[in-house]
Amino acid sequence: MFHSTLIENPILKLISEKMNQSIILDVAQGSGVWGFHIKTIVRGNPVMVGIDIWYPYIKD
């Protein structure tokens with residue numbers, strides 16, 4: 312997974328300013344980094360529902 316603080320920091324700032332919901336759906340493929348970041352910056356202890364759609368995890 313590629314991480315760039317040039318991208319992550321502005322997006323996380325925007326999310327933290329705009330997020331006012333208590334339930335967050337995280338549909339992704341990978342290690343759950345974005346879900347972790349969102350859970351740590353959103354106030355009010357949001358409920359995270361995570362679904363991993365990475366093929367090696369969902370194949371038979």
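Letter 25 of the sequence shown, counting from 1, is numbered 336 in the numbering used here, and no numbers are missing. Note that beta-carbon positions come from the ideal geometry of N, C-alpha and C, so glycine has one too.
{"query": "In the DSSP assignment, what residue or residues form a beta bridge with LEU317?", "result": "Paired residues: none, contrary to the question."}
{"query": "Classify GLY346 as buried or exposed, calling it buried when 16 or more other Cβ atoms lie within 10 Å of its own Cβ.", "result": "buried"}
{"query": "Since I believe PRO357 is in contact with ILE322 (beta carbons under 8 Å), could you give me their beta-carbon distance rounded to a whole number of angstroms?", "result": "Going by Cβ atoms, the distance from ILE322 to PRO357 rounds to 17 Å, so no, they are not a contact pair."}
{"query": "In the structure shown, what three-state DSSP assignment does VAL344 receive?", "result": "helix"}
{"query": "Do ILE318 and ALA339 have their CB atoms nearer than 9 Å?", "result": "no"}
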